[in-house]
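In what follows, a structure is listed as structure tokens, so that the remarks can point back to it.
Residue numbers (the UniProt record's numbering): 1 to 82.
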């Protein structure tokens with residue numbers, strides 16, 4: 001139970017998930033805002049129902065995703081000059 005508490009504390013600080021979905025030969029990948037529901041150990045995906053990825057993410061869809069920590073200063077590596 002201690003592991004679940006530690007993981008849920010970390011997840012509660014995160015707000016973005018990389019979401020990949022595949023259904024009937026169609027696929028898509030994107031980043032979505034999330035909200036963690038600790039008691040249910042579940043995420044709510046914040047998106048419009050009419051979007052392509054939301055409609056593809058049904059009960060028969062293959063879905064994979066990752067949650068990564070956010071940099072504290074908000075910088076993105078791709079913004080650096082090369």
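Don't be surprised by glycine CBs; every beta carbon is placed ideally from N, CA and C.
Strand pairing of residue i, partner residues [DSSP]
i          : result
residue 66 : 18
Boundaries (first-last residue) of the beta strand (DSSP E) holding residue i
i          : result
residue 61 : Residue 61 -> no beta strand (DSSP E), and no H or E assigned at all.
Within 9 Å, strictly: CB atoms of residue i and residue j
i          : j         : result
residue 18 : residue 1 : no
Length of the line joining the Cα atoms of residue i and residue j
i          : j          : result
residue 61 : residue 33 : 19 Å
residue 26 : residue 53 : 10 Å
residue 70 : residue 8  : 16 Å
residue 39 : residue 24 : 33 Å
residue 15 : residue 35 : 7 Å
Ignoring anything shorter than 3 residues or poking outside the segment 23-63, list the beta strand (DSSP E) runs there in chain order. 26-37 and 42-46
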